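Heads up, the sequence shown is in the numbering used here, so the first residue is 10 and it goes up one at a time.
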Amino acid sequence: WSPTMDRLAIHTLGDIFSTIWIVNLDGSGIHKVAEENYSISSIQWSAGGDAIYYFRAIGSTKELLKIKIDKVGNASAQPDILQSGLQAGDDFDISADNRRVVYTREQTHSNLWRLPLQQKKSDTTFAAYQLTTGTFIDFTPAISPDGKTIAFSRAKGKIANIYLMPASGGELRQLTHLSSYNSTPCWS
Numbered sequence: 010w011s012p013t014m015d016r017l018a019i020h021t022l023g024d025i026f027s028t029i030w031i032v033n034l035d036g037s038g039i040h041k042v043a044e045e046n047y048s049i050s051s052i053q054w055s056a057g058g059d060a061i062y063y064f065r066a067i068g069s070t071k072e073l074l075k076i077k078i079d080k081v082g083n084a085s086a087q088p089d090i091l092q093s094g095l096q097a098g099d100d101f102d103i104s105a106d107n108r109r110v111v112y113t114r115e116q117t118h119s120n121l122w123r124l125p126l127q128q129k130k131s132d133t134t135f136a137a138y139q140l141t142t143g144t145f146i147d148f149t150p151a152i153s154p155d156g157k158t159i160a161f162s163r164a165k166g167k168i169a170n171i172y173l174m175p176a177s178g179g180e181l182r183q184l185t186h187l188s189s190y191n192s193t194p195c196w197s
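Rendered as structure tokens:
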């Protein structure tokens, strides 16, 4: 859903290309906004609905890109590479002020990392900060609307529960205590 609640961004994966489309909720106005020769994962709207962020896989790393969207739903410029060389999984979320991204860093386990997003186009290198540690699988992070808290899923084996932590890092608080696989927290 776009933040304006009037259209959806859709990701399609074909044999050769990955594509991002925007479509109005009534099915009209479908617009291709990005097409890549590389795999695209995890598309996210900016807080104002004027841009889409996405991961593009380049070899064993990811690039974080941003593409500006006009009011009609067309791409208004070529995608900007905000960060390259990320050892990232498929999941990320953008803070409501569009200044931070939280993402999964996957190996045989995954942890959450925080990355400040600079406003200068020329600066594509940033210092990433590790938020979680250990051998759990931390995934599907979601930044609260006020930017102060991160909700995420933490799995061990076939059980995953939802956790909360300060966006600046710090102590985790387990929110759910279920014997099932719980994921994808989404703030209201």
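Built from N, CA and C at the ideal position, the CB exists for glycine as well.
Bear in mind that the values here come from a model prediction, so they are computed numbers and not experimental data.
Under DSSP, Met174 takes part in a beta bridge, and its partners are Ile159.
Only residues of its own chain outside the window of five on either side were considered, and among them Ala56, Gly156 have a CB closer than 8 Å to the CB of Asp106, listed in chain order. Closest in C-alpha terms to Gly143, from the list Ile90, Leu121, Ala160, Phe135, comes Leu121. DSSP lists no bridge partner for Lys167. With fewer than 16 neighbouring CB atoms inside 10 Å of its own CB, Pro125 falls in the exposed class. Ranking Ile78, Asp89, Ser37 by CA distance to the CA of Glu72 puts Asp89 first. Gly179 sits in coil when the DSSP states are folded into three classes, being neither helix nor strand.
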